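Have a look at the structure below before the remarks.
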Amino acid sequence: MKNLYRLQTLLVVSFSFMFSTWINGQLGDPININLKNSGSVYTDQFAGDTIYARTTVQPPGAQFGNAQFTQGSNGNTLKVTFIPTAGAIGSTDYIVSYYTVTAPMHPVTRWYRFNLFNEVVVAGTDKYVVAKGAIDFPLQVLDNDSVPTGALTLSSVSISNAGDAVVNATGDAILFSPNADFEGDTWIQYIACDSFGNCGQGNVHVLVHDPSQQDQVYYKKYLLNTEDLDILTPFDSFAVDIEPLHGSLESTSDFGWTYTPDDGYIGKDTFQLGLSNQVLRNYAITVYNNPINYNARDDKFYVRPGLSVTFNVLNNDLLHYAVDHFTNPARGVLSEVSNGVYTYSPNTGYRGVDKFTYTACFEDTICETATVYIHVTDLEPDNVFTYKLQTTEELPLTIDYPIEYTDFSYIISQDPSHGALVYNAGLQQINLPCDTIESYNMIVYTPEVGYTGPDHFEYYYCIQPSNLCYLVKVDMDVIAAPETESCPCTVGCVWPGDADQDGRVDMSDLLTMGNKLGSSGPVRSYNDPATWFGQHAVVWSPSNESGNSTEFLDGNGDGTVTSSDVDVISEYYFKTHDVVVRDVQQKLPYQFSIVPVQFSLDSGDLVILDIVFGNAAHPVIDMKGAKFSINLPQNMADSASVTVDFHQDSWLAEGSPFISLGKVPWNGRIDAGFSRANGNGASGFGVIATTTFIIVDDVEGFKTDGDLIQIPVTLTGGTAMDEDGTMYDIDGDEVTLTYNLHDINQNKYNLLVYPNPAQDIVDVHINGKTAIKSISIIDPQGRVIRTYDDINQKHYQLDVSSLTMGVYYLQVNHNEGVISQLLSVIR
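So the sequence shown is numbered by full-length UniProt numbering: it starts at 1 and just counts up by one.
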């Protein structure tokens, strides 16, 4: 169940007699904090009312430390501070209660469990140069990691993108075997823990190179003027041949360099590193600016279409400067009430995100500008399909709808056949097995005693001001209990794969997971914690910016957030356990573009689509993740042939390990997602991914006069995520491919060779009604270097990693003739 407390109508006085009951009902699992017992201070600042009573319910044990519960540094925030006693070891609980800021105001509790140790893990950054084709190369990553006392061991490898990386038997090194065809920069993330269970994340930068190659390579890099660029060279003792004009270049090791742009510089820079004028590395750098406010913070508010909302934009600013001036929104009317307080009314019929800016100044000398985003939406249910929900035998399922409004209600239009559906109107306490919860307008489904099997019910989500209603249809699956529990989970449950707790497993969960990759905490105590049902979990840490605790990201329940949890998202992709809210998001001025390798197609042809993110006019600035959907005519592609490959060497993958996923939720749609692991975002533009699929015989589209079928391919649902986890809408794209029914005026056979230029593995595919019989590689002097016989298929892979750099001819013999094409091999 999701957060229940965004409510807006009742007064705090009506809750005074319920105070102790609310505390007991809300006190769940503690927030666990591992803390060094000397020289450490823990602080947690959060939204809370500063006028009404706040109190300490349970102080920490005096022998463990001192805690304070005070007003925060800005309005409507409270702060908990804990200073441990030097040398104390053990655990102590600290519980506070306070009133919410949002109405209806009610008391809530916050339970901290401080686990005090002598040690805190510090994991440094490691850099290695590894030969191409190496097997089990030892990365001694713990050499620069530390704890004040005791020893560290490697717990696991969170992610490795370009090869196998495993912890050795003694737990003190990572054994890395790069993929046979890989050459270039890659990054690995690992988790190291001490004997008390304290863990830290470390990153490894690895350059995989061919020691026999002495070549010249050109690189294009993008970064912010507040960032550095780390560079590894394939051999020791490189020197600076050409100095950068707008930055500095510093040697950090025998094979490592760091480029730092000049303070405030925006533009292009170049430099060259070389070894004896034989091995050269040329860099073309584009430096961007991303101004950061220190006081004025962006705001987000909600209003229903046709209504008005009043808000104060200064409430979340660190210091309450005076507003000097503000702009007007494009899709509504803005009226100033007082300093920082405005009333906004959207234009008739408008739905979406409107915005305006305000500039706040201190004595006309220090000014900052922030943006206010106003979401004009009903926050209606996402009703693309009938919901398919699941609960366990005799276990109630709560349908929560934690939105910014309270002016809504439900009308049950069809009761279930094998259970009860109850609408609990308004603010109520609901008794569930082993739990009592507070709710607002909650629907609870309870299956018949002893029943397992399918059920169905329907209800309307109705908006009171407009009397507009949205129908929600639910197919319920009541299953036998996956595991025996005396008190199965009913609220606050982990549903494996739903990392962002929005009720559905999708690509948004991948983006959310990447932001916390490498986190660790208690394992879930189930025989098979990766099974799809709601599970109890110990709270790992305080909630992040999205209000989600980290334990929800641990899909398989092993106590770590790693790339293996992506497999759980893949396994349960598009499963739902709650009704999903349809929100609108701010749109950024970037764009996704589709670039087909070939526009004219035949059945059995391979379609290759490059996906471009950003462009030179609107480069992407400081984004950590992206997702999108490719939409095709339903029977156009062979679903089993679909591939989605996010490029290891793209600008989006620069400087960080990453997780990615491609899925086909139904015929005609390809979903794809990418997320960098922790750290900074990436900036730049260009190709980030390639998706491929094979055309089937029964193509549907729009027929034209020449027996050509036009096949629209669209990219929709484009989303980018910044390093704070905020999601933004990105414009998509549409291209039209053509399918010739009768091969009129069409080149029947087309040879696709990709990538080209190539470094290692080359894919060769022939489009048209034919198959490859054999392939010959011919050098510029006409000599046959290699021959591959008896292929007899449309697709084949060549390994050209041992060929010297240069241009070759591919001669492909197929069932209907011979086709030749140039192939460039680079290093």
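Glycine included, every Cβ here is placed at the ideal spot set by N, Cα and C.
Keep in mind that this is a model prediction, so the values were computed, not measured.
Report task. Could you tell me if residue 820 is buried or exposed, where buried requires 16 or more neighbouring beta carbons within 10 angstroms of its beta carbon? Result -> Locating residue 820 in the sequence shown gives position 820, where the first residue counts as 1. Using a 10 angstroms sphere on the CB of residue 820, the tally of other CB atoms stays under 16, which defines it as exposed.
Query - Whole-number beta carbon distance between residue 796 and residue 601, since they are thought to touch under 8 Å - result: Position 601 of the sequence shown, counting from 1, holds the residue named residue 601. Position 796 of the sequence shown, counting from 1, holds the residue named residue 796. In fact, because the Cβ distance is near 20 Å, the residues do not count as touching under 8 Å.
Report task. Please report how far the alpha carbon of residue 304 lies from the alpha carbon of residue 125, in whole angstroms. Result -> On the sequence shown, residue 304 is found 304 positions in, with the first residue counted as 1. On the sequence shown, residue 125 is found 125 positions in, with the first residue counted as 1. Cα-Cα distance, rounded: 48 Å.
Requested in this report: Have a look at residue 302 and residue 232 and give me their C-alpha separation to the nearest angstrom.
Outcome: As a position in the sequence shown, residue 302 is number 302, starting the count at 1. As a position in the sequence shown, residue 232 is number 232, starting the count at 1. About 48 Å.
Query raised in the report: So residue 514 is in the alpha helix (DSSP H); what residue range does that whole segment cover?
Result: Within the sequence shown, the letter at position 514 stands for residue 514. Per DSSP, residue 514 belongs to the alpha helix (DSSP H) from 507 to 514.
Report task. Check the C-beta distance from residue 237 over to residue 190 and give it rounded, since I have them as a contact under 8 Å. Result -> Your numbering for residue 237 matches position 237 in the sequence shown. Your numbering for residue 190 matches position 190 in the sequence shown. About 29 Å separates the two Cβ atoms, so there is no contact after all.
Query raised in the report: Among the residues of its own chain, which have a CB less than 6 Å from the CB of residue 813, if the five just before and after it don't count?
Result: Taking the first residue of the sequence shown as position 1, residue 813 is located at position 813. Closer than 6 Å at Cβ, skipping near neighbours: 773, 774.
Query raised in the report: Between residue 165 and residue 174, is the Cβ-Cβ spacing less than 8 Å?
Result: The sequence position of residue 165 within the sequence shown is 165, counting from 1. The sequence position of residue 174 within the sequence shown is 174, counting from 1. A contact, by the Cβ cut-off of 8 Å.
Report task. Would you mind sorting residue 757 into buried or exposed? The rule is 16 or more other CB atoms within 10 Å of its CB. Result -> One-based indexing of the sequence shown puts residue 757 at position 757. Per the 10 Å Cβ criterion, exposed.
Requested in this report: Using the Cα positions of residue 804 and residue 599, report the straight-line distance between them to the nearest angstrom.
Outcome: If you number the sequence shown from 1, residue 804 lands on position 804. If you number the sequence shown from 1, residue 599 lands on position 599. Their Cα atoms are separated by approximately 33 Å.
**Report entry** Classification of residue 385 by the beta-carbon crowding that lies within 10 angstroms, buried from 16 upward
**Finding:** On the sequence shown, residue 385 is found 385 positions in, with the first residue counted as 1. Counting C-beta atoms within 10 angstroms of its own C-beta, residue 385 has fewer than 16 neighbours from the protein chains shown and is therefore classed as exposed.
Query raised in the report: Taking contact to mean at least 3 C-beta pairs separated by less than 8 Å, is the region 207 to 223 in contact with the region 281 to 288?
Result: In short, these stretches touch, since the Cβ pair count reaches three.
Query raised in the report: Using 8 Å as the Cβ pair cut-off and three pairs as the minimum, do the region 510 to 523 and the region 552 to 563 touch?
Result: Segments in contact, yes.
**Report entry** Segment limits, alpha helix (DSSP H) that includes residue 147
**Finding:** Numbered from its first residue, the sequence shown carries residue 147 at position 147. Per DSSP, residue 147 is not a residue of any alpha helix (DSSP H), being assigned neither H nor E.
Query raised in the report: So, helix, strand or coil for residue 570, using DSSP?
Result: Taking the sequence shown and counting its residues from 1, one reaches residue 570 at position 570. Note: residue 570 maps to helix in three-state DSSP.
**Report entry** Outcome for residue 150 when other beta-carbon atoms lying within 10 angstroms are tallied against a minimum of 16
**Finding:** Your numbering for residue 150 matches position 150 in the sequence shown. Looking at its Cβ environment, which holds fewer than 16 other Cβ atoms inside 10 Å, residue 150 is exposed.
Query raised in the report: Can you name the start and end residues of the beta strand (DSSP E) that residue 140 belongs to?
Result: For the purposes of this step, residue 140 is taken as the residue at position 140 of the sequence shown. Taken as a continuous stretch (DSSP letters only), residue 140 belongs to no beta strand (DSSP E), as it is neither H nor E.
Report task. With a threshold of 16 other CB atoms inside 10 Å of the CB of residue 375, please say whether the residue is buried or exposed. Result -> Position 375 of the sequence shown, counting from 1, holds the residue named residue 375. Residue environment analysis places residue 375 among the buried positions, since at least 16 neighbouring C-beta atoms fall within 10 angstroms of its C-beta.
Query raised in the report: Under a three-way DSSP split, which group does residue 639 fall into?
Result: Looking up residue 639 in the sequence shown gives position 639. Here residue 639 sits in helix by DSSP.
Query raised in the report: Is the beta carbon of residue 449 sitting closer than 8 Å to the one on residue 458?
Result: Locating residue 449 in the sequence shown gives position 449, counting from the first residue. Locating residue 458 in the sequence shown gives position 458, counting from the first residue. Cβ distance not < 8 Å, so residue 449 and residue 458 don't count as in contact.
Requested in this report: Quick one: residues in its chain with C-beta nearer than 6 Å to the C-beta of residue 101, no 5 flanking neighbours on either side, listed in chain order?
Outcome: For this step, residue 101 is matched to residue 101 along the sequence shown. Here the set comprises 47, 49, 76.
Query - Sequence-distant residues of its chain with Cβ nearer than 7 Å to residue 511 (five each side left out) - result: For the purposes of this step, residue 511 is taken as the residue at position 511 of the sequence shown. Same-chain partners within the cutoff: 625, 627, 673, 675, 721.
Query raised in the report: Where residue 313 and residue 321 are concerned, what is the direct C-alpha to C-alpha distance, given to the nearest angstrom?
Result: Here residue 313 refers to the residue found at position 313 of the sequence shown. Here residue 321 refers to the residue found at position 321 of the sequence shown. About 11 Å.
Requested in this report: Look at residue 447 and residue 455 and say whether their C-beta atoms are less than 8 Å apart.
Outcome: Position 447 of the sequence shown holds residue 447. Position 455 of the sequence shown holds residue 455. Their beta carbons are under 8 Å apart, which means residue 447 touches residue 455 by this criterion.
Query raised in the report: At which residues does the beta strand (DSSP E) containing residue 533 begin and terminate?
Result: In the sequence shown, residue 533 corresponds to position 533, counting from 1. Careful: residue 533 lies outside any beta strand (DSSP E) and carries neither H nor E.
**Report entry** Member of 663, 677, 652, 208 whose CA lies at the smallest distance from the CA of residue 684
**Finding:** Your numbering for residue 684 matches position 684 in the sequence shown. Out of 663, 677, 652, 208, 652 has the C-alpha closest to the C-alpha of residue 684.
Query raised in the report: Going by the beta-carbon positions, is the gap between residue 298 and residue 330 smaller than 8 Å?
Result: Here residue 298 refers to the residue found at position 298 when the sequence shown is read from its first residue. Here residue 330 refers to the residue found at position 330 when the sequence shown is read from its first residue. For residue 298 and residue 330, no; Cβs fall outside 8 Å.
**Report entry** Contact set for residue 816: own chain, Cβ-Cβ below 7 Å, skip 5 residues either direction
**Finding:** As a first step, residue 816 is located in the sequence shown; it is residue number 816 there, counting from the start. The answer, listed in chain order, is 749, 770.
Report task. Using the Cα positions of residue 547 and residue 369, report the straight-line distance between them to the nearest angstrom. Result -> In the sequence shown, counting from the first residue as 1, residue 547 sits at position 547. In the sequence shown, counting from the first residue as 1, residue 369 sits at position 369. Low confidence applies here, because residue 547 scores a pLDDT of 48, under 50, leaving its location unreliable; read the following figure in that light. Each residue's alpha carbon lies about 26 Å from the other.
Query - Whole-angstrom distance between residue 482 and residue 822, CA atom to CA atom - result: The residue you call residue 822 lines up with position 822 of the sequence shown. The residue you call residue 482 lines up with position 482 of the sequence shown. Whole-angstrom Cα-Cα distance: 58 Å.
**Report entry** Closest Cα partner of residue 188 within the set 397, 671, 127
**Finding:** Locating residue 188 in the sequence shown gives position 188, counting from the first residue. When only C-alpha atoms are compared, the closest one is 127.
Requested in this report: Could you tell me how far apart the beta carbons of residue 518 and residue 201 are, in whole angstroms, since I believe they sit closer than 8 Å?
Outcome: Translated into positions along the sequence shown, residue 518 becomes position 518. Translated into positions along the sequence shown, residue 201 becomes position 201. About 4 Å; that satisfies the 8 Å criterion.
**Report entry** Straight-line Cα distance separating residue 593 from residue 346
**Finding:** Along the sequence shown, one-based indexing puts residue 346 at 346. Along the sequence shown, one-based indexing puts residue 593 at 593. Answer to the nearest angstrom: the Cα atoms are 31 Å apart.
Requested in this report: Using the Cα positions of residue 440 and residue 335, report the straight-line distance between them to the nearest angstrom.
Outcome: Counting from 1 along the sequence shown, the entry for residue 440 is found at position 440. Counting from 1 along the sequence shown, the entry for residue 335 is found at position 335. The alpha-carbon atoms of residue 440 and residue 335 are separated by roughly 32 Å.
Query raised in the report: Who are residue 221's beta bridge partners in DSSP?
Result: Residue 221 sits at position 221 when you count from the first residue of the sequence shown. According to DSSP, which records beta bridges pairwise, residue 221 is partnered with 285.
Query raised in the report: DSSP state of residue 24, grouped into three classes?
Result: Residue numbering aside, residue 24 sits at position 24 when the sequence shown is read from its first letter. Because residue 24 carries a pLDDT of 31, less than 50, the predicted location of this residue cannot be relied on, and the following value inherits that uncertainty. In this structure, residue 24 counts as helix in the three-state DSSP scheme.
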